[in-house]
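Data block below; observations after.
There are 2 protein chains.
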Amino acid sequence: MSYLRKNIVDMAGYVPGFQPPDEAEWVKLNTNENPYPPSPKVIEAIRQATGDDLRKYPDAACREGRKAAAELYGYPVDWVIMANGSDELLNNLIRACAGEGEEIAFLHPSYSYYATLAQVQGATVKIYPLTEDCEIVGFPARYPGKLFFLTSPNAPLGLNWSPDEVAALADRCDGLLVVDEAYADFAGSNCLELVKTKPNVIVTRTLSKSYSLAGMRLGLAIARPDIIAALDKIRDHYNLDRLAQVALVAALGDQEYFGECVARICATRDWFRHELTRFGYTVLPSSANYLFASSPDRNGQRIYDALYQRKVLVRYFSDPVLAHGVRISIGTREEMESTLSVLKEIG
Amino acid sequence: MSYLRKNIVDMAGYVPGFQPPDEAEWVKLNTNENPYPPSPKVIEAIRQATGDDLRKYPDAACREGRKAAAELYGYPVDWVIMANGSDELLNNLIRACAGEGEEIAFLHPSYSYYATLAQVQGATVKIYPLTEDCEIVGFPARYPGKLFFLTSPNAPLGLNWSPDEVAALADRCDGLLVVDEAYADFAGSNCLELVKTKPNVIVTRTLSKSYSLAGMRLGLAIARPDIIAALDKIRDHYNLDRLAQVALVAALGDQEYFGECVARICATRDWFRHELTRFGYTVLPSSANYLFASSPDRNGQRIYDALYQRKVLVRYFSDPVLAHGVRISIGTREEMESTLSVLKEIG
């Protein structure tokens, strides 16, 4: 007899992107990390907070962080919640809305972790195919499930939905529409304002990418107060440690640094896409900090392997709808120039 | 229509201990924090790690932390898991073992957060009364539920179970027996070795109290590899940020500093108990870093209020089985001397 629930025994765990132990020797373009360091103000704030006070519990409500995000995004404080990475919010949204045997939905391709989280909960999963033309195949006139996760911009394709398109999708959902905006800071539009007008829309964000803080695990959500209150009941009461809380406030507070980093990444992305296209690659337009690119022979495995041998790490997905390409995170201009040279060498 | 599950709508959230905004003005003995700062090696390690690397994801497996804990506790690495506070482990153990409508059990009084976690899951709860003589009232010859949480030392009473007593309880459980050893570093015995001999015993630990790291959210569990593997599937893949991971390794590595702090707290506790008893209080013997003490008039509310007015913060529980006393965390010798004076003044 096992002590474990059957759904836990049966499931496979999620496998995050490969982190090479000898990181410094690689051009690492596989996990959509920001190539620029966090704001110097973040580093300074963490160092200042690293002292005797670590013996004491953090602020359970993360009040300063909520205040900073509420001001930045133009929402009342009770429409905002903080988390140990936006993954925590995705997890707790399923726990809030979908019981065992109840359904959640997402697109394929998108973030496969939704499926893992549903399996842990014992919820069922409905997957709608997404084409490279941004068409959601078979999405019904009314979707009756508890949650629909829309990754916008999409990972790994980089496609973005406009607020109007998302609003129309929300109107077709009986349950909540979670707009997972992990990459929205690199896009021309986002769905933040939609939370005010559509009662079933929630937006989640992360500081991992656009704020260069993958190492600190910081996420947040904007939603109506009744949803926020439910997420507050479910989360660990001390979900953010003291240093994460000060990092959050300092990062959101330095919009000038943030804006510069994002602008540089977007410029490098657009240049790199142009160059790759000139070289014969098919590259989808991207609203994120990565590109999904396929070589003329549409052999993603070959490109991945050849780059790997030359110490350039990108992301290859063996899934049939993605195997023709690779996802390349946008690094510094210098990193992308050298990656371009290597790709030309590979042919 | 609500978008939320009924069990979430119906439940109340957990209320953590009060953290006064003007902390420095209080003698704060209400949340069992360690009065001594973290090891200087921890502070140094965090400062060293606070730099450009925060832009990159942490090690998902927390390998260095597991290795450090495995060596310290004498277990293979695959018997160890790390968490963002031991609360995360309690949560994930319920998710691993108890589905909706399945039962978990714990004692009253003990850590009421188990009930909150069960409510989030939709699991049912069985509560066995605990007397101040350490008797578990009505615990059956065989307990058929999925999980039994034993807080040892007990919070808030401070009572400790010997490994033999816990082994006998484990033999009566059909499911897992989770020994929540948040305070075991202050006790004369613990159940770590029991994990080797009893297949249904798990031990959870935290660095919040004995390692002075409540502000960093660090917990761990020791269990058989199949249980650890299940918890690994359930946890957020990046549950510990980069700074928490280095703090963990540095803290477990400085056993000399740790041992000194724990010894001082235990000595102060035993001295304080002796003094309080001489003064007419009834004080349970404690294996933790707090005492449960009742005044001759058995009026916990009166003592709490009078201390509060004098800027000494302790914990009062309005629950009928606890309302006769207060829980007093053990601070520095100086803090406890001044608290004793105030208690004498209050009468």
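Read top to bottom, the protein sequences are chains A and B. One point on numbering: in the numbering used here, the residue at position 315 of the first sequence is 315, and numbering is uninterrupted. Throughout, the numbering used here is defined as the position within the second sequence, counted from one, plus 347. Glycine included, each C-beta is placed from N, C-alpha and C at the ideal position.
For residue i, the three-state DSSP class (helix, strand or coil)
i      : result
A:E334 : helix
B:A415 : helix
A:V321 : coil
B:T551 : strand
A:F106 : strand
B:T629 : strand
A:L169 : helix
B:K403 : coil
B:V424 : helix
A:Y143 : strand
A:K28  : strand
Residue-chain proximity (residue i, chain B), Cβ-Cβ < 7 Å
i      : result
A:I367 : The question about residue 367 of chain A has no answer here: the residues shown for chain A are numbered 1 through 347.
A:S210 : no
A:G215 : yes
A:H237 : yes
A:P16  : yes
A:G13  : yes
A:D22  : no
A:L381 : Any answer about residue 381 of chain A is impossible in this case: the structure gives chain A only from 1 up to 347.
A:D241 : yes
A:I8   : yes
A:N34  : yes
Range covered by the alpha helix (DSSP H) that runs through residue i
i      : result
B:L476 : Checking the displayed sequence, the identity of residue 476 of chain B turns out to be Pro instead of Leu. Premise fails: B:P476 lies in the beta strand (DSSP E), T471 to P476, not in any alpha helix (DSSP H).
A:E275 : Q255 to R278
B:V356 : K353 to D357
B:E380 : Here B:E380 belongs to no alpha helix (DSSP H), and DSSP marks it neither H nor E.
B:V389 : P387 to A396
A:V195 : L194 to T197
A:V120 : Y113 to Q121
A:A229 : P225 to I234
A:I94  : S86 to C97
Limits of the unbroken beta strand (DSSP E) element including residue i
i      : result
B:V673 : V673 to S676
A:S294 : Y290 to S294
A:V314 : Premise fails: A:V314 is in no beta strand (DSSP E) and is neither H nor E.
A:V80  : V80 to A83
A:A221 : G219 to I222
A:L150 : L147 to T151
B:V526 : L523 to D527
Within-7 Å CB hit, residue i to chain A
i      : result
B:T378 : yes
B:P384 : yes
B:K580 : yes
B:A771 : The question about residue 771 of chain B has no answer here: the residues shown for chain B are numbered 348 through 694.
B:N646 : no
B:A515 : no
B:G522 : yes
B:I393 : yes
B:L351 : yes
B:A443 : yes
B:L599 : no
Supposed contact pair residue j and residue i - C-beta distance, whole angstroms, cut 8 Å
i      : j      : result
A:R55  : B:P384 : 6 Å
B:I612 : B:N636 : 5 Å
A:T204 : A:D174 : 20 Å between Cβ atoms; not a contact.
B:E449 : B:T471 : 7 Å
B:R386 : B:A598 : First, the residue type needs correcting, since residue 386 of chain B is Ser and not Arg in the sequence shown. Sure, about 6 Å apart at Cβ, within 8 Å.
B:P456 : B:V668 : 6 Å
B:F496 : B:F453 : 4 Å
B:G647 : B:G672 : 5 Å
A:K344 : A:V27  : Incorrect: roughly 15 Å between the Cβ atoms, too far for contact.
A:L147 : A:V166 : About 15 Å; that fails the 8 Å criterion.
Residue i CB to nearest heavy atom of the ligand NAD below 6 Å
i      : result
B:D400 : Questions concerning the ligand NAD fall outside what the structure shown contains, since it holds no ligand whatsoever.
Problem - chain A contacts made by the segment 419–439 of chain B, where a contact means CB separation under 8 Å - result: N431, G432, D434, E435 and N438
Handout entry: Residues in the segment 395–417 of chain B having any Cβ partner in chain A nearer than 8 Å
Key = T397, G398, D399, D400, L401, R402, K403, Y404, P405, D406 and A407
Problem - Selection of the segment 98–122 of chain A by Cβ proximity to chain B, strictly under 7 Å - result: G99, E100, V120 and G122
Practice task
Check each residue of the segment 126–158 of chain A: if its Cβ is closer than 7 Å to any Cβ of chain B, include it; give the result in chain order.
Solution key: none
Exercise for the section: Return the residues of the segment 190–205 of chain A that lie within a Cβ-Cβ distance of less than 7 Å from chain B, sorted by chain order. Expected result: N200
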